[in-house]
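These notes are about the structure you will find just below.
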Amino acid sequence: MIRQYGAFNGLGLWTLYKREVGRFLKVWMQTVFAPVVTTLLFMTVFKLAFGDRGRLTGDFDGLNYNDFLAPGLVVMAILQNAFQNTSSSLVQAKFNSTHVDFLMPPLSPLELTAGFLGGAITRGIIVAMISAIGIEVSGLADMSVVHVWPIIWFSMTSAIVLGALGAMGGIWADKFDHLSAVTNFIIVPLTFLSGTFYDIKVMHEPFLTLAHLDPFFYMIDGFRYGFLGVANSSIVTGMWVTGGLSVVLTAGVWWMFRTGYKLKA
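Reading the sequence shown from the start, the letters are residues 1 to 265 in full-length UniProt numbering.
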């Protein structure tokens, strides 16, 4: 019997999503456990260096530095893992010539986009949740929630943006060096210069203005607001920036699948 599909192939989308999630869970020591350990090590080093003496000024006046740092490290875990999930999946599929496994089935470009981004979001959120719980339980920082909605919004949009960027990078890359260049010269600098480790208002011009042009800054600042109730910038502006970027980059992934860019002869 021939299976009939309507305008939306829900079974195919669910299968692709399970494939993406199963792919990283199969090597969970590398894809989940290792990033969590890295985040906890960062927190441990700063805790040992500053103890409870680290205090902030300006917008975060009076707050403990470790409580300020923890949400930034959690977002950084989301960004890195969402990017790695889609980029590694697609670039390995291209090099192994197994990308036909998801191009041949009756999956639309939108369904392909949703399936790959769904896997990236899941990995990023899993690593972030375990990291946050580990930080709280170990006493490295206080992860008490002040506002829930910014945590949900900025964690989801961060995962979507980096998942989409990883998908575009994976499709574009002709070899692993190309993908490493994206990570080393775009992802890492934008992450470390976005206020993860410091209040950006200590920066002087023109670097302060450049920091406000960094979309990663709004992801981290908005997510941190959910835990501290204080932010360096307008939360509404951050929502527009991250939401708009999510739509634009998701559309870019859809276009690549739609045209078969570097995937179809």
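Heads up, the beta-carbon is just placed ideally off N, CA and C, and yes, glycines get one too.
Quick caveat, the model's predicted, so the values are computed rather than measured.
Pairwise C-alpha distance: residue j and residue i
i           : j           : result
residue 236 : residue 97  : 44 Å
residue 41  : residue 29  : 16 Å
residue 20  : residue 61  : 43 Å
residue 144 : residue 210 : 31 Å
residue 109 : residue 238 : 29 Å
residue 186 : residue 158 : 15 Å
residue 253 : residue 37  : 31 Å
residue 248 : residue 168 : 12 Å
residue 16  : residue 116 : 7 Å
residue 193 : residue 175 : 27 Å
residue 297 : residue 105 : The question about residue 297 has no answer here: the residues shown for the chain are numbered 1 through 265.
residue 56  : residue 72  : 15 Å
residue 90  : residue 101 : 11 Å
residue 148 : residue 125 : 15 Å
residue 12  : residue 23  : 16 Å
residue 25  : residue 99  : 20 Å
residue 103 : residue 188 : 31 Å
residue 172 : residue 50  : 43 Å
Residues near residue i by beta carbon distance below 8 Å, same chain, minus five either side
i           : result
residue 204 : none
residue 151 : 145, 223, 226, 227
residue 208 : 200, 201
residue 14  : none
residue 107 : 9, 12, 13, 16, 115
Candidates the options, of which the one nearest residue i by Cα
i           : options            : result
residue 94  : 77, 179, 36, 162   : 179
residue 182 : 259, 84, 49        : 84
residue 261 : 148, 213, 229, 170 : 170
residue 131 : 39, 200, 195, 25   : 39
residue 200 : 69, 31, 22         : 69
residue 77  : 242, 107, 11, 31   : 31
residue 164 : 153, 250, 241      : 250
residue 87  : 119, 64, 105       : 119
residue 129 : 103, 9, 114, 156   : 156
residue 64  : 217, 234, 198, 263 : 198
residue 127 : 103, 189, 43, 79   : 79
residue 138 : 166, 219, 44       : 44
Residues of its chain near residue i, where Cβ-Cβ distance is below 7 Å and the 5 sequence neighbours each way are ignored
i           : result
residue 245 : 161, 215
residue 47  : 66, 140
residue 134 : 36, 40
residue 136 : 143
residue 184 : none
residue 191 : 76, 79, 216
Buried or exposed (CB count within 10 angstroms, at least 16 for buried), residue i
i           : result
residue 75  : buried
residue 33  : exposed
residue 213 : exposed
residue 81  : buried
residue 241 : buried
residue 27  : exposed
residue 154 : buried
Residues near residue i by beta carbon distance below 6 Å, same chain, minus five either side
i           : result
residue 112 : 257
residue 122 : 21
residue 231 : 221, 225
residue 59  : 230, 232
residue 217 : 194, 195, 211
Cβ of residue i within 9 Å of any chain B Cβ
i           : result
residue 108 : This model lacks chain B altogether, as it is built from one protein chain only.
Residue i: first and last residue of the uninterrupted alpha helix (DSSP H) it sits in
i           : result
residue 128 : 109-138
residue 213 : Where residue 213 is concerned, there is no enclosing alpha helix (DSSP H), given that its DSSP letter is neither H nor E.
residue 165 : 148-172
residue 199 : Neither: residue 199 is in no alpha helix (DSSP H) and is coded neither H nor E.
residue 80  : 65-95
residue 235 : 235-259
residue 302 : A query on residue 302 cannot be resolved here, the shown segment of the chain reaching from 1 to 265 and no further.
Cβ-heavy atom distance, residue i to the ligand GDP, below 8 Å
i           : result
residue 237 : The ligand content of the structure shown is nil, which means the ligand GDP is not present either.
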